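The next block holds one structure in the form of structure tokens; read it before the comments.
Residue numbers (the numbering used here), protein chains in the order written: chain A, 1 to 562; chain B, 1 to 562.
Right, here's the structure in full:
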């Protein structure tokens, strides 16, 4: 059996290595258009930023390793230019020699990835406007930065000051993962950054009120963020650097520009071969990662996958799923019944000292699908026991099914312990956990790591209070006409209060119930919604109609954004 | 309805607060023998060590808060001295006034905790020999340390050197959680520590080959560890400090001694009331936490609980389960059908820069139960992508059912990312995950946080390779008579090699198969068992009998201990 694998990074490389392990006799040919196979795509922004100093660190496995260790015919700088599904052949072009050869296959695996979107804007090909996809991309960006640095440092050449940290200006276009990682890495190099995003939020998979917190955090760290403004073009400025022109008419000076406005599945090869393409623009595959041609498989950023939570087709260009898909295809080719269960969109991103992470469905996705059978809560727990030093408040948005308590999704921002919790939620979603399961999860606790009631338990408990009817809930963006009751202490109100809210500190509530209206819904406020929960319980049991405002004062400023 | 809760920490306090939320009308009386309710038991070692500077930080909720916010009759320094189950009364003794009163109850909740074991050894009551259970315990230890410091610092009073960091000597007796936390915290104060443990390992819930790594790590950090030696007694030395005498005849000088040889459920009250006590010495309860008397419940360290994985009764004195049990009892008293699902023994402990954590069953527990339907693997993955700085190797021991792949347990030691992974395993065990589920888990990955194949995925994949028969496995402690094949490179062998092992570097294996015996089982060695896995695949497919030695050279030194 002869298997050709097109694309030697992530999915393709995983597939090749696994297939060799499963089938010592198969003839495996892996071709990669670029000069490197199996490189650490996800590390590129950090190589630009300097955290990963050596380019060689990014090369996980070399062409030689594939040849020597796996007996795989591995060819770099070799592009598959066309497929004949009838003849079962692939035409390969060697980019170094220009030579074109034809290879036959029994099975073909496509792992072409996705290409950065480069709209035909004026000036987009100017030197200094970069994408970040490949090792050479990162190398060119570093060379550009170092060149600029040398020029800029001439006047101070004698100061001995590290010229790398001199202020320079970057414009990053696009506030998704790559964009944010590039922002962080430019800042790490001491470069001033303006982030331009056409949408009304950064990090499109997040809900806007969570993205808002990310934006504030970045702004606090000195990033200039321009939302709701698309890029119109680029031009050289008088001083020889660049200018980024936006649709609103603004002009942003820049010594370097990064285009990170998204990626598009590389489907040309598949399309030309007549393979089915999905509505989202990715190669359509079944659960065995098989395309519409039974002898051709596809994996990674180029394919559409099923969203595990919503069941919808989606494009999720992430490394983890790509690697697992590569394994699955190898299994299937080797005659095993392996299936891809879909993707949850689990993602995580470092932003200065903070981490933003997500898994499962967002509220905006559910809304888009017309799914109203969900509830959300906002939580602000400490990352570990508050009495142990270093505890940081994290913000959790947690989504669950109203009808049965199924865990749907979580979004977390914080400076400590975020990865720990998002992984628990991710595992919970995979296994079909309900909020009642989360109430009972037994997670690791010692003062430096968590709390006896972990944030994950806490999410389950609060959600269960809602679904059991113990704590009717409302949200800042839809308060309606309720009577606002603030149960905080007077000193707290001096810092921030809600106009029109009536104050009865919680300890006085039982003795002052007579002051509250029985004909209106009482919406209870405190700092984090905990005391308001206690107050809600008192009110409900005394015959009042009462609701807790989720997240209390802590959610007010970001949950009221439009 | 009148509910009396005996014990105002963790389980008792959780129960009281939850019961008030569920039932505004119930009369709730919570009595606590000590001077504080709801204090942070788990923080005591860190208060001694100085990480938690203020004693007040440990007081999570006060008597006043319970009275004012929860309308709970909360009494400290008040001990329940006897129960009449017939009359449904409890006799309470006020330790400040000596007054004894009798209170009736409809429901009674026992949350008496567990007491540090203090065997009747000579000198055990000498000043300077402490247990660590209560806030006053921690206060007395701090006072003792400060007093000693002043004495010790007299000769250097003029140097201005911080006398807190002066070397002093502590002996910690017992290598469980509290013992290890005390060791860490003494070291943090600059005190020299000897740890004496009667068993052949620290951290009894761990398997010995994992505990061995903890011991080595602690030794490397300057802790003197004496295993296999019990304490015989204590005496004053000539210089006025203490000496700890051991069963082996050793004498360890000490300025302070901590007794941390375990805890014993406080069952006197329950026993005298005729309640059933289990074989492990804890109060026996059903899944609603109800004792043998239908009106009496018990929670926390004093009760026996079902081990979630093995189904056995066990004593697991941990804060998380105690808190959840308290909630469950409140639910049950309020007429709800809440059940405790048992405990997994999820635990975590900080040791200098490292973290040791565990969840589910250990191998020694399975062996003790005569359960042979399990397999184990040792893994040494990086905490995050190796190409991103700061990645640390972690050691994972992973246990799973041989017959069906069910996840049974995990033990992890490492300096980064341990809590994240143990929580994923904990959630996996709760939800009945198999290793095949773990293969497909979608956990958070970006270079600073993980790898495209997370250590949790990796555990699933390796385990699945074993159960699918792709990678027959063996272990260093039971190699038998196999032919040892080392597939590392010659340079690696120069550092450490296995006597008698034949070397063929992996890239040469396919061409040198003729040098290998066909009549013997070939046991393959490499550094971490990854290349050995590749080699095993090559051998198996070429008709050899081959097994991979789990963990490779990395597991050799700790997995061969007796």
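Using N, Cα and C, we set each Cβ at its ideal position, and we do this for glycine too.
Computed from a predicted model, the values in this text were never measured in an experiment.
Candidates A/99, A/431, A/561 and A/528, of which the one nearest residue 478 of chain A by Cα: Out of A/99, A/431, A/561 and A/528, A/561 has the C-alpha closest to the C-alpha of residue 478 of chain A.
Nearest neighbour of residue 116 of chain A, chosen from A/96, A/125 and A/131 [CA to CA]: The candidate whose alpha carbon is nearest that of residue 116 of chain A is A/131.
Rounded straight-line distance, which links the Cα of residue 103 of chain A to that of residue 565 of chain B: Residue 565 of chain B lies beyond the residue range present for chain B, which begins at 1 and ends at 562; the question has no answer from this structure.
Coarse secondary structure for residue 469 of chain A, derived from DSSP in three states: In the structure shown, residue 469 of chain A sits in coil (DSSP, three-state: anything other than H, G, I, E or B).
Test: residue 51 of chain A CB closer than 7 angstroms to a CB of chain B: Residue 51 of chain A has a beta carbon lying within less than 7 angstroms of a beta carbon in chain B.
Residue 331 of chain B versus residue 548 of chain A - alpha carbon distance: Whole-angstrom Cα-Cα distance: 21 angstroms.
Exposed unless 16 or more other CB atoms sit within 10 angstroms - verdict on residue 247 of chain A: It is exposed - the Cβ of residue 247 of chain A has fewer than 16 other Cβ atoms within 10 Å.
Enclosing beta strand (DSSP E) for residue 102 of chain B [first to last residue]: Here the beta strand (DSSP E) through residue 102 of chain B covers 100 to 104.
Test item: CB-CB of residue 4 of chain B and residue 12 of chain B under 7 angstroms: Not a contact, by the Cβ cut-off of 7 angstroms.
Helix, strand or coil at residue 161 of chain A [DSSP, three-state]: Because residue 161 of chain A sits at a pLDDT of 39, beneath the cut-off of 50, its placement in the model cannot be relied upon, and the following sentence gives the value as read from the coordinates. The three-state reading of DSSP puts residue 161 of chain A in coil, since its state is none of H, G, I, E or B.
Start-end ranges of the alpha helix (DSSP H) lying completely within the stretch 507 to 557 of chain A, minimum 4 residues: Taken in chain order, the complete alpha helix (DSSP H) segments of 4 or more residues contained in the stretch 507 to 557 of chain A are 530 to 541.
Residue 72 of chain A: contacting residues in chain B (beta-carbon distance under 7 angstroms): Those do not exist, as residue 72 of chain A stays about 12 angstroms from chain B at its closest Cβ, beyond 7 angstroms.
Interface positions of the stretch 440 to 457 of chain A facing chain B (Cβ-Cβ less than 9 angstroms), listed along the chain: Closer than 9 angstroms at the C-beta level to chain B, one finds these residues of the stretch 440 to 457 of chain A: 440, 441, 442, 443, 444, 445, 446, 447, 448, 449, 450, 451, 452, 453, 454, 456 and 457.
Classification of residue 236 of chain B by the beta-carbon crowding that lies within 10 angstroms, buried from 16 upward: That one is exposed.
Residue 550 of chain A at chain C interface by Cβ criterion, 7 angstroms: In summary, chain C is missing from the structure at hand, where the protein chains are A and B.
Segment contact, 8 angstroms Cβ cut-off, at least three pairs: the stretch 467 to 481 of chain A with the stretch 364 to 372 of chain A: The stretch 467 to 481 of chain A makes no contact with the stretch 364 to 372 of chain A; the number of CB pairs closer than 8 angstroms stays below 3.
Residue environment, residue 125 of chain A, which counts as buried when at least 16 other CB atoms sit within 10 Å: An exposed status is given to residue 125 of chain A, since fewer than 16 other beta-carbon atoms sit within 10 Å of its beta-carbon.
Residue 212 of chain B in three-state terms, based on DSSP: DSSP places residue 212 of chain B in helix when its eight states are reduced to three.
Neighbour flag for residue 547 of chain B against chain A, beta carbons, 7 angstroms: Not closer than 7 angstroms to any Cβ of chain A, the Cβ of residue 547 of chain B fails to qualify, so no.
Under 9 angstroms from the C-beta of residue 216 of chain A: neighbouring residues of chain B: Under the 9 angstroms cutoff, chain B gives no residues; its nearest Cβ is about 21 angstroms from residue 216 of chain A.
Enclosing alpha helix (DSSP H) for residue 272 of chain B [first to last residue]: 268 to 272 is the span of the alpha helix (DSSP H), which, as asked, contains residue 272 of chain B.
Contact with chain B by residue 346 of chain A, beta-carbon distance below 7 angstroms: At a cut-off of 7 angstroms between beta carbons, residue 346 of chain A contacts chain B.
Span of the beta strand (DSSP E), counted from its first residue to its last, around residue 82 of chain B: It spans 78 to 84 - the beta strand (DSSP E) in which residue 82 of chain B sits, taken as one unbroken run.
Nonlocal neighbours in the same chain, by C-beta distance under 6 angstroms from residue 197 of chain B, ignoring five residues either side: Only 175 and 227 meet the Cβ criterion.
Residue 480 of chain B, buried or exposed, once every other Cβ within 10 Å from all chains shown has been counted against 16: Answer is exposed; the Cβ neighbour count stays below 16.
Simplified DSSP assignment, three categories, for residue 299 of chain A: Here residue 299 of chain A sits in coil by DSSP.
Within chain A, partners of residue 437 of chain B - CB distance below 8 angstroms: For residue 437 of chain B, the chain A residues whose C-beta falls within less than 8 angstroms of its own C-beta are 430 and 431, listed in chain order.
Of the listed residues B/308, B/307 and B/277, nearest to residue 293 of chain B (C-alpha basis): For residue 293 of chain B, the closest of B/308, B/307 and B/277 by C-alpha to C-alpha distance is B/277.
Within the stretch 392 to 418 of chain A, ranges of the beta strand (DSSP E) (whole runs, at least 3 residues): Along the length of the stretch 392 to 418 of chain A, whole beta strand (DSSP E) runs at least 3 residues long occupy 395 to 401 and 407 to 414, reported in chain order.
Whether residue 10 of chain B touches residue 319 of chain B by CB criterion (7 angstroms): Yes, the pair counts as a contact, with Cβ atoms nearer than the cut-off.
Buried/exposed call for residue 239 of chain A, threshold 16 Cβ in 10 Å: Classification for residue 239 of chain A: exposed.
Stretch-stretch touch, CB-based, cutoff 8 angstroms, three pairs: the stretch 445 to 457 of chain A with the stretch 384 to 398 of chain A: Output reads yes: the stretch 384 to 398 of chain A touches the stretch 445 to 457 of chain A.
DSSP three-state assignment for residue 361 of chain A, whether helix, strand or coil: DSSP, reduced to helix, strand and coil, places residue 361 of chain A outside both helices and strands of the structure shown, so it counts as coil.
Cutoff 7 angstroms: residue 116 of chain B Cβ touching any chain A Cβ: By this cut-off, residue 116 of chain B is not an interface position.
Residue 543 of chain A versus residue 531 of chain A: straight-line alpha-carbon distance, rounded: Residue 531 of chain A has its alpha-carbon roughly 19 angstroms from the corresponding atom of residue 543 of chain A.
Contained beta strand (DSSP E) runs [length at least 3] in the stretch 243 to 295 of chain A, N- to C-terminal order: Runs found: 251 to 254, 256 to 259 and 263 to 265.
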